[in-house]
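Residue 34 is where the sequence shown starts when you use my numbering, and the numbers rise one by one after that.
In this text, a Cβ means the ideal position worked out from N, Cα and C, and glycines have one as well.
Notes follow the structure.
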Amino acid sequence: MILLQCVQLTKTFGAEPILSNIKLEVQLRDRVAIVGRNGAGKSTLLKIIAGKLSYNSGEVIIPKGVTVGYLAQDTGLESSRSIWDEMLTVFEPLMKMEKELRDLEAKMADPSQTNNEKNYEKLLKDYDILSESFKEKGGYKYEADIRGILSGLHFSDKDYSTKISTLSGGQKTRLALGKLLLTRPDLLILDEPTNHLDLETLSWLEQYLLHYDRAILIVSHDRYFLDKVANIVYEISRTRATKFVGNYSHYLDEKAKRYEVELRQFEKQQEQIEKLQTFIQKNIARASTTKRAQSRRKQLEKMHVLDRPQGDEKSARFSFNIEKQTGNDVLQTEQLSGGYSSSNPLFENLNLSINRTESIALLGPNGIGKSTLLKIITKQLEPLTGTFKYGSNVNIGYYDQEQAKLSSNKQVLHELWDDYPLTPEKEIRTILGNFLFSGDDVLKIVSDLSGGEKARLALAKLMMQKANFLILDEPTNHLDLDSKEILEDSLLDYPGTILFVSHDRYFVNRMATRVVEMTKDGLIDYIGDYDYYIAKKQENLERQQLKETELEKVVLNEEQLTKQNFLQDKEAKRKERQRLRRLEEIEQLIEKLELSIAKKEEELCDPEVYQDHTRVSQLNSEIDDLKNELDTLMDEWSELEG
């Protein structure tokens with residue numbers, strides 16, 4: 034059953050097209066993800082579908098009777114009610130039915146209502162019909178449903194009589210999500226639902242949506258989440274939509290394959306066109322071959338000429354370097370306690386040791402004090418108790434998740450240039466261009482920038498520092514999927530040390546060589562990436578159930594072996610990435626060389642050229658040089674491929 038169709042949908046803001054001829058379809062139980070760059074029009078499309086925004090042309094078709102639930106990005110629940118009373122409003126029709134059932138029960142117990150057999154039979158029949166309808170609509174379990182949703186969204190430790198107006202912005206956003214989930218619409222539309230969720234809550238939401246028996250339409254920058262939940266992906270790029278069947282990882286693979294196929298088809302047709310044009314030019318004036326040339330011309334005129342396939346849109350390009358390496362010891366904390374009240378610290382007695390070139394993910398539930406710990410380490414906050422010290426030559430670069438320092442009235446150009454006044458303006462503009470600030474973008478006022486633009490500017494400032502110890506608080510917030518991958522690639526090649534907080538599990542999995550989990554009882558070390566951390570947590574839970582000492586020793590030995598294997602595997606993956614990058618470079622060079630050789634050999638066949646002995650000699654020499662270069666590359670390619 035089709036729940037939604039967008040047919041030739043077009044939306045413009047002023048003269049600028051945002052969406053052009055969008056075709057999109059959602060069927061029952063589809064889990065559709067919409068992906069694309071920041072500003073591509075993803076949220077605009079969701080607002081149009083939800084009826085919150087008009088469109089210029091086309092159609093949005095939603096069959097009669099289909100219910101739609103929409104959660105906008107960072108929507109907070111504003112209400113004067115308590116948490117429980119607000120959730121109950123979803124079930125007002127059921128509560129009304131419940132009251133009617135109680136009224137019927139009271140009438141059936143009233144002798145004055147039952148002394149007439151006909152009246153009594155009617156009461157019984159009405160009660161049976163209403164009771165069955167009440168049961169079918171979940172009347173006997175709606176309170177359990179509310180508790181389940183609130184527990185999954187981490188409100189189980191909260192007094193349900195708490196007024197919503199007293200909650201934080203993040204808590205209000207989670208409650209808005211919870212209320213929408215309780216309505217169970219036929220089409221659930223979620224714009225960045227993973228914002229403000231910690232890792233445990235994210236896992237719960239994934240499982241909930243995986244078992245949701247209706248349709249879902251999602252915009253999210255959480256690649257791990259999209260891989261788990263989505264089975265169809267629509268990419269919005271250059272105002273148009275392209276459909277891919279499968280999850281996010283499959284979409285990336287399929288997109289790359291489609292581009293390669295389309296590029297080969299285009300290049301093959303261009304070669305064919307070139308041959309036809311050459312034949313026509315050479316033979317159209319000759320009496321003996323003019324008919325064949327005219328035939329080729331007609332063939333050329335009838336040909337449907339393919340456009341060169343468009344690759345990815347322009348991406349940010351940057352890399353992080355250091356001026357000087359640190360000693361082996363980068364940071365040491367001793368019995369560190371922090372928070373905003375000595376009587377109620379967020380964490381106590383933390384001992385953390387960080388060594389050179391480690392990439393450490395600091396994980397833990399919201400409110401445990403991760404960002405506070407980073408602010409203490411970067412000397413923005415004083416610790417309540419305990420000490421910390423840096424190693425030798427440590428130069429810290431700090432990225433704030435809120436970009437709190439980027440609120441000036443300076444232009445983007447001067448925000449960066451004022452920090453590095455000795456750097457030529459041309460170089461500053463080039464750096465900003467690498468972060469997608471081109472043309473008049475560099476004259477924008479910093480305080481007017483979007484979240485994504487501020488994030489890119491903050492990264493540009495961080496890159497210019499050339500710090501050897503990066504401390505990053507939610508560095509992937511506000512970045513689109515492509516920018517996240519560029520950031521990851523840059524940090525993977527970074528020669529310094531990294532300590533970061535992130536809820537982006539895909540990012541953690543790629544970046545972390547070590548996971549440090551903050552708990553109420555202190556820090557727990559996991560020597561591995563996110564998948565290793567999850568596996569070890571599960572293993573630790575199972576290990577707690579083991580009572581026999583011998584079994585305990587076996588598990589510990591396996592852990593040591595797993596750690597060793599992980600480190601070896603991490604190194605092997607790094608070398609494999611280098612090998613694959615070099616293979617790709619070589620293949621591109623080989624393709625260019627073969628093209629050059631073919632062109633020069635074709636030139637030798639030209640009658641005007643082969644009569645010119647000097648030119649022939651020169652061409653043969655150039656061909657020999659190119660072939661020698663080609664042989665060298667082929668040897669290297671064979672060695673890497675083998």
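Would you kindly report the start and end of the unbroken beta strand (DSSP E) that includes residue i?
i	result
residue 551	547–552
residue 689	Look at the range of the chain in this structure, 34 to 675, and you will see that residue 689 is not part of it.
residue 53	49–60
residue 95	Unbroken run through residue 95: none, as it is neither H nor E.
residue 509	Taken as a continuous stretch (DSSP letters only), residue 509 belongs to no beta strand (DSSP E), as it is neither H nor E.
residue 355	From DSSP, residue 355 is part of no beta strand (DSSP E); its letter is neither H nor E.
residue 66	64–69
residue 129	First-last for residue 129: 125–142, but that is the alpha helix (DSSP H), not the beta strand (DSSP E).
residue 252	248–252
residue 431	429–432
So, under 8 Å CB-CB, residue i and residue j are touching, yes? Tell me the CB distance rounded to an integer number of Å.
i	j	result
residue 509	residue 520	7 Å
residue 393	residue 549	6 Å
residue 37	residue 95	6 Å
residue 594	residue 630	Rounded, the Cβ-Cβ distance is 52 Å, inconsistent with contact.
residue 268	residue 91	Residue 268 to residue 91, Cβ: 19 Å. No contact.
residue 662	residue 628	13 Å between Cβ atoms; not a contact.
Which residues mark the beginning and the end of the alpha helix (DSSP H) in which residue i is found?
i	result
residue 359	Counting along the chain, residue 359 falls outside any alpha helix (DSSP H), and DSSP gives it neither H nor E.
residue 533	First-last for residue 533: 530–534, but that is the beta strand (DSSP E), not the alpha helix (DSSP H).
residue 260	256–262
residue 658	646–674
residue 268	That residue, residue 268, is in no alpha helix (DSSP H); its beta strand (DSSP E) goes 265–270.
residue 494	484–498
residue 331	323–335
residue 278	Note, residue 278: premise wrong, no alpha helix (DSSP H); beta strand (DSSP E) at 273–278.
residue 388	Run containing residue 388: none in the alpha helix (DSSP H); it sits in the beta strand (DSSP E), 386–388.
residue 404	403–410
residue 302	281–316
residue 164	150–169
Considering only residues of the same chain and omitting the five flanking positions on each side of residue i, which have a CB-CB separation below 6 Å?
i	result
residue 560	547 and 596
residue 316	322 and 326
residue 221	102 and 249
residue 247	219
residue 642	636 and 648
residue 527	353
residue 356	499
residue 312	329
residue 512	488
residue 664	none
Tell me whether residue i is buried or exposed, calling it buried when 16 or more other Cβ atoms sit within 10 Å of its Cβ.
i	result
residue 310	exposed
residue 433	buried
residue 544	buried
residue 565	buried
residue 416	buried
residue 294	exposed
residue 34	exposed
residue 386	exposed
residue 204	buried
residue 486	buried
residue 555	exposed
residue 192	exposed
residue 116	buried
residue 274	buried
residue 46	exposed
residue 83	buried
Within a Cβ cutoff of 7 Å, which residues of the same chain sit near residue i, ignoring the five residues on either side of it in sequence?
i	result
residue 256	281, 514 and 539
residue 299	339, 341 and 342
CB-CB under 8 Å to residue i, same chain, minus the five flanking residues each way: which ones, in chain order?
i	result
residue 206	107, 108, 109, 110, 228 and 229
residue 163	130, 133, 134 and 137
residue 442	478, 479 and 480
*Is there contact here, the region 390–404 with the region 526–539, by at least three beta-carbon pairs under 8 Å?*
yes
*Is the region 105–112 close to the region 191–205, with three or more CB pairs under 8 Å?*
yes
_Cβ contact check for the region 180–188 and the region 203–213: 3 or more pairs under 8 Å_ = yes
*With contact counted as at least three CB pairs below 8 Å, one residue from each stretch, are the region 93–110 and the region 286–306 in contact?*
Taking a contact to require three or more Cβ pairs closer than 8 Å, the region 93–110 and the region 286–306 do not qualify as touching.
*Validate contact between the region 447–467 and the region 492–505 using beta carbons, cut 8 Å, 3 pairs*: yes
_Using 8 Å as the cut-off, can you tell me whether the region 215–231 makes contact with the region 77–93, which would need three or more C-beta pairs spanning the two stretches below that distance?_
yes
_Contact between the region 49–67 and the region 231–251 is defined here as three or more beta-carbon pairs at a separation below 8 Å; is this criterion met?_
Yes, they touch.
*Specify whether the region 353–373 and the region 337–344 touch according to this definition: at least 3 beta carbon pairs, one from each stretch, less than 8 Å apart.*
Output reads no: the region 337–344 does not touch the region 353–373.
*Between the region 232–241 and the region 263–279, are three or more C-beta pairs nearer than 8 Å?*
no
*the region 668–675 in contact with the region 610–620 per 3-pair CB rule at 8 Å*: The region 668–675, when compared against the region 610–620, does touch it at the 8 Å Cβ threshold.
_Can you confirm whether the region 514–529 touches the region 365–383 when touching is taken to mean that 3 or more C-beta pairs between the two stretches lie within less than 8 Å?_
They do not touch, by the three-pair rule.
*Would you say the region 463–475 touches the region 416–429, given that touching needs at least three Cβ pairs under 8 Å?*
no
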